[in-house]
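*Asks:*
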Amino acid sequence: MPVDKSGPWSGYSLEGPSLPRERADAARNRVAVLDAAARLFAEHGVDGVTMDAVAAAAGVGKGTVFRRFGDKAGLAVALLDERERDLQQAILSGPPPLGPGESGPVERLAAFVDAYLDYVLDHLDLVRMSETASPGARYRIGAYRFWHRHVALLLAAAAPGTDADADALAHAVLAPLAAEHLHAVVAEVGAARARAAARTVATRAAG
Numbered sequence: 001m002p003v004d005k006s007g008p009w010s011g012y013s014l015e016g017p018s019l020p021r022e023r024a025d026a027a028r029n030r031v032a033v034l035d036a037a038a039r040l041f042a043e044h045g046v047d048g049v050t051m052d053a054v055a056a057a058a059g060v061g062k063g064t065v066f067r068r069f070g071d072k073a074g075l076a077v078a079l080l081d082e083r084e085r086d087l088q089q090a091i092l093s094g095p096p097p098l099g100p101g102e103s104g105p106v107e108r109l110a111a112f113v114d115a116y117l118d119y120v121l122d123h124l125d126l127v128r129m130s131e132t133a134s135p136g137a138r139y140r141i142g143a144y145r146f147w148h149r150h151v152a153l154l155l156a157a158a159a160p161g162t163d164a165d166a167d168a169l170a171h172a173v174l175a176p177l178a179a180e181h182l183h184a185v186v187a188e189v190g191a192a193r194a195r196a197a198a199r200t201v202a203t204r205a206a207g
């Protein structure tokens with residue numbers, strides 16, 4: 001499906017600079033490692049799995065895993081990449097209200113919050129690890145820049161001609177969606193109330 005670029009919040013894409021093609025053996029090893037990591041994380045939890053265990057399950061040397069991914073946070077980022085791209089593609093070219101179409105910016109913003117929460121809560125341990133691997137890691141992840149730009153454009157479209165700081169407000173909307181925050185809040189008040197609160201923050205930010 002072609003990307004709808006007609007809306008004011010469609011001014012971005014998933015395209016980036018082309019990367020050199022992986023060697024066939026390197027590509028096979030990467031798939032084997034990620035498949036093994038996903039299986040072990042699902043069975044034992046992220047904290048219960050070592051890089052050595054991932055290497056053994058994948059049938060590769062542990063040096064291969066460390067060189068390619070660095071640490072468990074690097075594995076988490078790689079595992080999440082495909083899930084993030086699915087959500088990004090749905091935002092760019094999927095059906096409304098998440099994707100472009102007849103829905104207004106406030107409705108699209110609420111749909112984004114719901115879809116993003118589905119993604120984070122389904123992979124909470126992995127997202128939490130990737131976002132807290134180092135101070136400020138969440139904001140250096142490329143996907144965060146995509147989410148931020150999408151939310152900022154929706155906020156600007158919801159309040160045209162005003163002096164609202166859509167860029168700063170977008171950070172405020174995304175703050176309650178941080179995995180570390182959700183881990184604590186969901187444990188205290190439950191997922192349904194955390195979701196309702198995040199939607200309220202987003203729609204009030206949109207005015």
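Residue numbers (full-length UniProt numbering): 1 to 207.
The beta-carbon is built from N, C-alpha and C at its ideal position, and this holds for glycine as well.
1. Whose C-beta lies closer than 6 Å to the C-beta of alanine 55 among residues of the same chain, with five residues either side of it excluded?
2. Under the three-state reduction of DSSP, which class applies to glutamate 188: helix, strand or coil?
3. Would you report the Cα separation of glutamate 84 and alanine 42, rounded to the nearest angstrom?
4. Mind listing, in chain order, the continuous alpha helix (DSSP H) runs of no fewer than 4 residues lying wholly within the segment 70-104?
5. Could you check how far apart the C-beta atoms of leucine 155 and alanine 170 are, in whole angstroms? I think they sit under 8 Å.
6. For the candidate residues Val151, Ala137, Asp52, Leu117, whose alpha-carbon lies nearest to that of leucine 92?
7. Report the rounded CA-to-CA distance for asparagine 29 versus alanine 36, giving the unit in angstroms.
8. Does the pairing of the segment 117-132 with the segment 73-80 give three or more beta-carbon distances under 8 Å?
9. Span of the alpha helix (DSSP H) holding glycine 142?
10. If we ignore side chains and look at the alpha-carbon of each, how far apart do methionine 51 and aspartate 86 end up?
11. Report the three-state DSSP secondary structure of proline 135 (helix, strand or coil).
12. Expressed to the nearest angstrom, what Euclidean distance is found between the alpha-carbon atoms of glycine 142 and valine 120?
13. Helix, strand or coil, according to DSSP, for aspartate 163 in the structure here?
14. Mind checking arginine 108: buried by the 16 CB within 10 Å criterion, or exposed?
15. Cα separation between alanine 192 and alanine 53?
*Replies:* According to the data block:
1. Lys62, Val65
2. For glutamate 188, the secondary structure class from DSSP, reduced to helix, strand or coil, is helix.
3. C-alpha separation (whole angstroms): 18 Å.
4. As for any alpha helix (DSSP H) of minimum length 4 sitting wholly inside the segment 70-104, the runs are 72-93, ordered along the chain.
5. 6 Å
6. Val151
7. 10 Å
8. yes
9. 142-158
10. 27 Å
11. coil
12. 16 Å
13. coil
14. buried
15. 35 Å
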